[in-house]
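What follows is a set of notes on a single structure, which appears directly below.
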Amino acid sequence: MCMTEFYEPEIRDLFTKATYLSDDDKILVERAFHFAKKAHIGQTRNNGEPYFNHVFATASNLAELRMDADTISAGMLHDTIEDCEVTYDQLQKEFNDDVAFLVESVTKLSKLKYQGVERHVESLRKFFVAAAQDLRVVIIKLADRLHNISTLEHVRLEKRERIALETIELHARLADRLGIGRLKGELEDFAFPHAFPAGYAEVKKILKTRKQDDEAHVEKMFRSLKRKLADEKIVNTIEYRTKHLYSLYLKLKRYDMDINKIYDLIALRVIVKNVDDCYKVLGLMHRVWRPIPGRIKDYIAVPKPNGYQSLHTTIFTGDGSTVEVQIRTQEMHDEAELGVASHLNYKEIGKNKSPIIKRSLAWTQQLLEWQKNVSEPSEFMERLKKDFMEQRVFIMTPKGEVVDLPLGASPIDFAYAIHSDIGSHTTGAKVNGKLVSLSIELKNGDIVEIETKIKGSPSRKWLEYVKTADARRHIQHYFEDKKNV
């Protein structure tokens, strides 16, 4: 039996991130460590460092995501078939069926490179098939991409922008869809300076004008809140974090780059024992500090489509500043940071058997269904980006059912998402009980009621409002059919 003190420093560091692994798990991961180190000997990366550093970093990323021993081992071995002439049978004999399957599946995903839209589309199709079959394959690829994007400065200049954009448009969106907030933010932030260098420089410059003052206000708020929660005997952990740079950039663009309109530049995060304590903390905060109207969000009662739960409020601190506070349980925090990975029943996730995993992956099944009927690569990419990979908002029906739509969606998009007949017979919409124009952009948490009439029909003007490719397709088909009558 290997004792911790006898591990090499690298593998010991990995195990400090994966304290949840059993002794048998650690033996498997250590075997993968030595196997990969030997297989990649003599190979180097673009920056001249040993290639093994990359696969080890991939495995470390997986450990931080609390993945199981088979997945961490496969992350360590993920390039052995492609780059080291190791065979599936060798991996199966040396490790087990699961490790061999994962490495082979990741290898298949790596075969097709981005060479024109047709090749790229085929690569994406394989990505989603893999996600539907075994989620761990995709998580390994995301962990692999995270290390690659963090060292992108060593890649040729002409390739950097393409890789960075692909990371933001595909990999970060996938992480978001799977609810892995930590991974999404890191992928975006590493890609940001290479994808949008001017925007990155502007955000860094703007941030200098506010960050130091905001940190001082939050630190003061942190100490005050800590004392009040101790007085109330509410067990808690309080931390604060600065908004991810790319996420800040997107928000600044919506507010004409005015940093003074951003309330959540730095947010306090309060982690408590149970749901009752979440609401107690919210009530306490509102008794002591005045909340900003319209900035209170209950994602516990109504979770986001990717499973995110938390209470959000933004308060006036009393010294001229505002602070966003997020209140959640430890389980909710794990969900926000790790998404589906926080639910891993390590024997179930491999075949996507867990009900939570199935629910989280419902969109991949939907995507696979419609992609069977999409022959044009350009149409595939348009629908993928608009309907699946853009930033999301969640909208509710009057009965409280949640509809997941891309940012910027209109009531027309919502109507077609409910049913094509409802979309095509829409005559009006109420948002939060008020009649609105069909052209408005819906916001997170809006309650939308669609009014229909039998004689109602699409208007060509709707094509200017809709965001989803599905709504656009139904509207266009209506006018094509009408023309052919």
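Just so we're aligned, residue 4 is where the sequence shown starts under the numbering used here, counting upward by one. Glycine included, each C-beta is placed from N, C-alpha and C at the ideal position.
Can you tell me whether residue i is buried or exposed, with buried defined as 16 or more other CB within 10 angstroms of its CB?
| i | result |
| --- | --- |
| Tyr258 | exposed |
| Gln312 | buried |
| Gln493 | Here the chain covers residues 4 to 488 and nothing more, so residue 493 does not appear. |
| Val405 | exposed |
| Tyr23 | exposed |
| Glu338 | buried |
| Ile398 | buried |
| Gly184 | buried |
| Ile318 | buried |
| Gly188 | buried |
| Asp73 | buried |
| Ile3 | This structure cannot speak to residue 3, because the chain is shown only from 4 to 488. |
| Arg463 | exposed |
| Ile14 | buried |
| Gly182 | buried |
| Pro12 | exposed |
| Asn151 | buried |
| Met29 | For clarity, residue 29 is Lys in the given sequence; the question names Met instead. So Lys29 ends up on the buried side. |
| His289 | exposed |
| Thr316 | buried |
| Ser108 | buried |
Out of curiosity, what's the CA-to-CA distance linking residue i and residue j?
| i | j | result |
| --- | --- | --- |
| Thr471 | Glu444 | 12 Å |
| Asp27 | Asp192 | 36 Å |
| Val54 | Ser63 | Looking at the sequence shown, residue 54 is not Val but Tyr. Those two C-alpha atoms are separated by around 15 Å. |
| Thr240 | Ile265 | 25 Å |
| His477 | Glu85 | 44 Å |
| Leu248 | Ala420 | 32 Å |
| Val326 | Leu251 | 15 Å |
| Arg148 | Leu341 | 16 Å |
| Val291 | Gly202 | 38 Å |
| Val469 | Ile209 | 33 Å |
| Val89 | Ser427 | 56 Å |
| Ser153 | Pro414 | 39 Å |
| Cys281 | Ile75 | 34 Å |
| Val158 | Asp71 | 31 Å |
| Val140 | Leu68 | 14 Å |
| Lys485 | Gly411 | 28 Å |
| Leu138 | Arg272 | 29 Å |
| Gln329 | Glu452 | 29 Å |
| Ala204 | Ile269 | 19 Å |
| Glu172 | Asn447 | 21 Å |
| Val439 | Ala432 | 6 Å |
| Lys242 | Val275 | Checking the sequence, you will find Glu at residue 242 rather than Lys. Spanning the two alpha carbons is a distance of roughly 12 Å. |
| Val284 | Val32 | 42 Å |
| Gly321 | Leu287 | 16 Å |
| Asn277 | Ala344 | 21 Å |
| Leu94 | His57 | 19 Å |
| Arg395 | His37 | 42 Å |
| Arg34 | Arg331 | 38 Å |
| Tyr91 | Asn49 | 27 Å |
| Ile450 | Leu17 | 46 Å |
| Gln333 | Pro200 | 36 Å |
Which one or two residues does DSSP pair with residue i in a beta bridge?
| i | result |
| --- | --- |
| Pro513 | The question about residue 513 has no answer here: the residues shown for the chain are numbered 4 through 488. |
| Leu438 | Lys433 |
| Val158 | Paired residue(s): none; Val158 is not in a bridge. |
| Glu454 | Gly431 |
| Thr61 | Its beta-bridge partners do not exist; DSSP assigns none. |
| Ile241 | Val273 |
Quiz item: Between the segment 226-243 and the segment 188-196, are three or more C-beta pairs nearer than 8 Å?
Solution: no
Practice problem: Could you name each continuous alpha helix (DSSP H) segment of 4 residues or more that falls completely within the segment 255-341, going from the start of the chain to the end? | Solution: 278-291, 333-341
Quiz item: What are the start and end residues of each continuous beta strand (DSSP E) run of 3 or more residues lying completely inside the segment 386-434, in chain order?
Solution: 395-399, 405-409, 429-434
Exercise. Kindly confirm or deny that the segment 210-222 and the segment 173-189 touch, where touching means at least three C-beta pairs closer than 8 Å.
Key: no
Quiz item: Would the segment 300-311 and the segment 138-148 be scored as touching if the rule is three or more Cβ pairs under 8 Å?
Solution: no
Quiz item: Taking only runs of the alpha helix (DSSP H) that begin and end inside the segment 166-232, which ones reach a length of at least 4 residues, in chain order?
Solution: 175-180, 184-198, 200-211
Quiz prompt | contact_flag[the segment 149-165, the segment 37-45] where n(CB pairs < 8 Å) is 3 or more | solution = no
Quiz item: Which runs of the alpha helix (DSSP H) spanning at least 4 residues fall entirely within the segment 82-106, listed in chain order?
Solution: 83-87, 91-97
Practice problem: Quick one: which unbroken alpha helix (DSSP H) runs of 4-plus residues sit fully inside the segment 11-48? Chain order, please. | Solution: 12-20, 26-42
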